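Under my numbering, the first residue of the sequence shown is numbered -13, with each subsequent residue one higher.
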Amino acid sequence: MRQRLEHVFLFYNESSLPTSCHLVDAMTNILPEFARNLHAAEIGTGRVLAHANSLELAIEPATSGYSDAQLTDYDPAVRHFTLKPPVTMTLTAYAAEPLAVGTAGFGFWNHPFQPGQRGIRLPQALWFFFGARPNNMALALDVPGSGFKAGTFNAQRWQFLAMLPLALPGFLLMRVPALYRALWPIGQRTLGVSEATLDAHLLRERHTYTLDWQTNRAIFSVDDAIVMRTERIPNKPLGFIAWVDNQYAIVTPQGQFSFGISPIQRRQSLIIEQIELQKSH
């Protein structure tokens, strides 16, 4: 059964708003048909702009502060997720300008944290993800920590929790190149990480991305061509998200952990022409 998206807008409780957050006004910014029933959020210089047959997620120039434009199928203030396998996302998109800073993407996740909001949870995700330098989430052997990729991870697996006491000595061992190549595949499996590098130029062109999340596997495709197939998948309900922002994260097996905000020198945006969530249950 194909899910018909109806028209709903997100309005945050003002007491919980991050600094300089703009609310989307349903009277003046009507989402196109394909995006109805999605929640639209604007933070900082982030803007969600409706066009005749598309939707634009944009962040405008800013010297400081967090900016984000996003669409979700859940209320971020509540973070109640309803998507579970089998479900398929089909999304057509391209970047109107080069994505020079921050992150962007679309897929399913559990919204583990957001700047300006309290509370954090161990992350789970299946998505198409872009991270501009200095973003460096080097979680898969031989896959760059920045750039465009298809990816999954699941930090809520019991195997990961069981290995947490060994994290500190593990970070030290991973700094020896030979040990990293020999041992990190174990850590990668423990985290439920699968990644495949995609050409960043894909984002500058109009393409259709498909994420087929089944109970025992996930299949990522671009224009019907499979780019990654994996059995390492989250096992709890997730939410749909599409976004553009200016934050970065550095997380490596060698124990590097850093999070920050990049200045936005020029406008950058993601144009979305189709969003379809197909549930089979």
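Where is the CB? At the ideal position from N, CA and C, for every residue including glycine.
Model, not experiment: these values are computed from the prediction.
In this structure, DSSP gives G91 an extended state, which the three-state scheme calls strand. Here the segment 126 to 139 lies against the segment 169 to 185, with 3 or more beta-carbon pairs under 8 angstroms apart. DSSP, read as helix, strand or coil, puts L177 in coil. Nearest to D231 by C-alpha distance, out of G88, P72, S244, K265, is G88. Considering only A111, L165, W170, the residue with the shortest C-alpha distance to A124 is W170. Here DSSP, grouped into helix, strand and coil, assigns R33 to strand. Contact between the segment 56 to 64 and the segment 79 to 86 is absent, with fewer than three C-beta pairs closer than 8 angstroms.
The C-beta distance from F67 to G225 rounds to 4 angstroms, short enough to fall under 8 angstroms. CA-CA distance, D54 to P249, rounds to 13 angstroms. Residue pairing by DSSP leaves N96 without any beta bridge partner. Using a 10 angstroms sphere on the CB of P220, the tally of other CB atoms reaches 16 or more, which defines it as buried. Between A79 and F92, the beta carbon gap of about 7 angstroms places them in contact (Cβ cut-off 8 angstroms). Counting the other CB atoms within 10 Å of its CB gives F245 a total below 16, which places it among the exposed residues. F139 sits away from G173, with the two beta carbons spaced by 8 angstroms or more. Using a C-beta cut-off of 8 angstroms, the segment 40 to 48 makes contact with the segment 255 to 263, since at least three inter-stretch Cβ pairs fall below that distance. The C-beta distance from A26 to L17 rounds to 7 angstroms, short enough to fall under 8 angstroms.
The closest CA to that of V213, considering only S180, A168, P239, is found on S180.
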